[in-house]
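Student:
Residue numbers (this note's numbering): 581 to 747.
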């Protein structure tokens, strides 16, 4: 899947922390990462983030964000789309990019947490093969979260990015 023509994708540096903290608040409200948390993650050697930007605006405006920690087990730490851009497959695109990055990084398993009531996210994750393997009671401010797992398989290290896609 390709980005819509009005978007471009970047891999942000720690200098993007203030902008991503604002985007995170718009997406996740009270559960958003702080600017300091974003700066720490963006500076970590094992963290990869992708941000689609609305490039046609005077200032490039981020409309979604996905981030993953790469290792033998990859952990999708964040995946969100701004409210005005939901339903346009950006979450799917970001998830696929994150899973490709995990495979290229040698991960054989990917994990994530999701609210038990987030039906659209659960449907997306299940469509990619994730299974519920546990529950985190009251993980989301009193609401339970599922722990989901995807076996990336023995072919993980040999996956190539799709044509025209940079990793």
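Even for Gly, the Cβ is constructed at its ideal location relative to N, Cα and C. Predicted model, so just to flag it, every value in this text is computed and none were measured.
When you compare only the Cα positions, how much space is there between residue 621 and residue 641?
Tutor: Approximately 20 Å, taken between the alpha carbons.
Student: In terms of residues, what are the limits of the alpha helix (DSSP H) holding residue 677?
Tutor: From DSSP, the alpha helix (DSSP H) with residue 677 extends over 670-684.
Student: Alpha carbons only, please: which of 726, 610 and 676 is nearest the one belonging to residue 717?
Tutor: Comparing Cα-Cα distances from residue 717 to each of 726, 610 and 676, the minimum goes to 726.
Student: Thinking just about the alpha-carbon of each residue, which of 587, 616, 723 and 629 is nearest to the one in residue 678?
Tutor: It is 629 whose Cα lies nearest to the Cα of residue 678.
Student: Does DSSP put residue 648 in a helix, in a strand, or in coil?
Tutor: Here residue 648 sits in strand by DSSP.
Student: Tell me whether residue 696 sits in a helix, a strand or coil according to DSSP, three-state version.
Tutor: Correct three-state label for residue 696: coil.
Student: Given this structure, state the Cα-to-Cα distance separating residue 704 from residue 615, to the nearest angstrom.
Tutor: In a straight line, the C-alpha of residue 704 is about 28 Å away from that of residue 615.
Student: According to DSSP, is residue 703 part of a helix, a strand, or is it coil?
Tutor: Here residue 703 sits in helix by DSSP.
Student: Might you give, ordered along the chain, the residues of its own chain that have their beta carbon closer than 8 Å to the beta carbon of residue 715, omitting 5 neighbours on each side?
Tutor: Answer for residue 715: 696, 724, 725, 726 and 727, listed in chain order.
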